[in-house]
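Chemist: Encoded as structure tokens, here's the structure I'll be asking about.
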Amino acid sequence: MTNKEYTWAKAKAKDWKNYLPPTRPSISELAVIEEYFVDLVKSNPRKKYTLAILGCTVEFRSLVHKYGMEVTIIDFSKLHFEILSEQFMTYKGEEKFLEMDWRKMKSGIKFDFILGDLVVNMLDNENRELMLKNIHNMLAENGLAILRSWIEPKEKLLNFESVLKFVRKKYPNVNFYTSTAGYVYPAYINNSEFGDVGKLKNDLEDLKKKKLITSAEYNYWRDRLKYEIKGVAVPKLKVLNKQFSKYFKIKKMKQGVDIFSDIYKIHFLKKK
Ligand SMILES: C[S@@+](CC[C@H](N)C(=O)[O-])C[C@H]1O[C@@H](n2cnc3c(N)ncnc32)[C@H](O)[C@@H]1O
Numbered sequence: 074m075t076n077k078e079y080t081w082a083k084a085k086a087k088d089w090k091n092y093l094p095p096t097r098p099s100i101s102e103l104a105v106i107e108e109y110f111v112d113l114v115k116s117n118p119r120k121k122y123t124l125a126i127l128g129c130t131v132e133f134r135s136l137v138h139k140y141g142m143e144v145t146i147i148d149f150s151k152l153h154f155e156i157l158s159e160q161f162m163t164y165k166g167e168e169k170f171l172e173m174d175w176r177k178m179k180s181g182i183k184f185d186f187i188l189g190d191l192v193v194n195m196l197d198n199e200n201r202e203l204m205l206k207n208i209h210n211m212l213a214e215n216g217l218a219i220l221r222s223w224i225e226p227k228e229k230l231l232n233f234e235s236v237l238k239f240v241r242k243k244y245p246n247v248n249f250y251t252s253t254a255g256y257v258y259p260a261y262i263n264n265s266e267f268g269d270v271g272k273l274k275n276d277l278e279d280l281k282k283k284k285l286i287t288s289a290e291y292n293y294w295r296d297r298l299k300y301e302i303k304g305v306a307v308p309k310l311k312v313l314n315k316q317f318s319k320y321f322k323i324k325k326m327k328q329g330v331d332i333f334s335d336i337y338k339i340h341f342l343k344k345k
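Using our numbering, the first residue of the sequence shown is number 74, and each one after it goes up by one.
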């Protein structure tokens with residue numbers, strides 16, 4: 074029985090290796106975060122920083138191991154941790170694992186940094202608040218949270234077909250999933266703040282019947298949606314900034330240089 078409380082289950086963790094940006098961090102987004110660490114280590118080469126990663130994002134883990142940080146991984150599922158850790162990482166190192174729900178997490182140690190990839194998109198407004206409060210409590214004084222977050226696109230695209238018209242015109246030569254994903258999931262969000270996956274699947278079938286998409290484009294999306302429980306929550310930027318500002322000072326808001334970067338922000342949040 075799929076636990077609808079969470080956006081992820083074992084099958085999605087197993088399928089994760091097949092995912093592409095923007096649902097995974099892109100090279101240019103990782104460069105934004107690495108640039109910060111390079112300056113940090115340059116300014117204090119001997120300091121061993123403590124860092125927690127919310128979720129098991131291998132791109133982040135490899136990056137922080139490259140800079141010799143003390144790493145703790147926090148995820149509600151040890152099984153997901155084991156499955157996702159099978160993915161390739163250029164840099165590896167010692168890691169502590171805490172099997173905890175971010176809404177209830179606490180740790181004995183305070184962290185200099187807490188990183189999270191689309192973690193705000195795994196929770197609705199009310200539950201996100203709980204997580205942000207815990208992140209605040211788990212950071213050391215002057216600690217920093219670095220969160221990549223998916224925000225509501227300004228283009229009001231109502232369904233897959235309108236997204237299709239938009240990307241065929243604007244991004245004809247970009248990978249179909251990479252150009253569509255950022256707009257498709259938000260188009261199916263209903264008042265649960267998560268997506269109506271059933272309607273999304275039906276609309277994908279319609280596009281195939283109407284021969285508006287190729288079999289490759291259809292197959293990739295169909296295979297990802299097989300393990301989709303309730304999609305993601307995609308808040309408006311102003312809602313997210315208001316929630317962040319309750320616990321943090323927004324030091325910087327950056328983004329990568331990809332076609333989807335306007336709707337994937339990287340916030341550098343200093344503990345208040
Ligand atoms: C880092 S998040 C998001 C990753 C990805 N970018 C996405 O779009 O799905 C995925 C991970 O978060 C974990 N997760 C989801 N909700 C959680 C929660 N409330 N508490 C702890 N871990 C959670 C899942 O088990 C999974 O390993």
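Where is the CB? At the ideal position from N, CA and C, for every residue including glycine.
#1: According to DSSP, residue 144 sits in a beta bridge with which residue or residues?
#2: Strictly by DSSP, which residues pair up with residue 221?
#3: Am I right that residue 268 and residue 305 are in contact with their C-beta atoms under 8 angstroms? What's the rounded C-beta distance?
#4: Can you say whether residue 330 is buried or exposed, counting buried as having 16 or more other CB atoms within 10 angstroms of its CB?
#5: Roughly how many angstroms separate the alpha carbons of residue 139 and residue 323, rounded to a whole number?
#6: In three-state terms, what does DSSP make of residue 332?
#7: From this set, 121, 133, 158, which residue's C-alpha is nearest residue 143's C-alpha?
#8: Would you say the beta carbon of residue 261 is closer than 7 angstroms to some non-hydrogen atom of ligand 1?
#9: Can you tell me whether residue 178 is helix, strand or coil according to DSSP?
#10: Return helix, strand or coil for residue 197, following the three-state DSSP convention.
#11: Curious, which full-length alpha helix (DSSP H) runs of at least 4 residues does the region 238-279 contain?
#12: From residue 278 to residue 294, what does the alpha carbon distance come to, in whole angstroms?
#13: Please classify residue 163: is it buried, with 16 or more other beta-carbons within 10 angstroms of its beta-carbon, or exposed?
#14: Can you list, in chain order, the residues of its chain whose CB lies under 7 angstroms from that of residue 129, leaving out five sequence neighbours each side?
#15: Quick one, which of 250, 303, 167 has its alpha-carbon nearest residue 288's?
Modeler: According to the structure shown:
#1: Paired residue(s): 124, 168.
#2: According to DSSP, which records beta bridges pairwise, residue 221 is partnered with 190, 339.
#3: The C-beta separation of residue 268 from residue 305 comes to about 7 angstroms, placing the pair in contact by the 8 angstroms criterion.
#4: With fewer than 16 other Cβ atoms within 10 Å, it is exposed.
#5: Approximately 26 angstroms between the Cα atoms of the pair.
#6: In this structure, residue 332 counts as coil in the three-state DSSP scheme.
#7: Ranking the options by Cα distance to residue 143, first place goes to 121.
#8: With a cut-off of 7 angstroms, the C-beta of residue 261 is classified as distant from ligand 1, since no heavy atom of the ligand falls inside that distance.
#9: DSSP places residue 178 in coil when its eight states are reduced to three.
#10: Looking at residue 197 - three-state DSSP - the assignment turns out to be coil, as it is neither helix nor strand.
#11: Correct list: 249-260.
#12: Put simply, the backbone Cα of residue 278 is about 10 angstroms away from that of residue 294.
#13: It counts as exposed.
#14: The answer, listed in chain order, is 146, 148, 153, 154, 157, 158.
#15: Checked all of 250, 303, 167; the closest Cα to residue 288 is 250.
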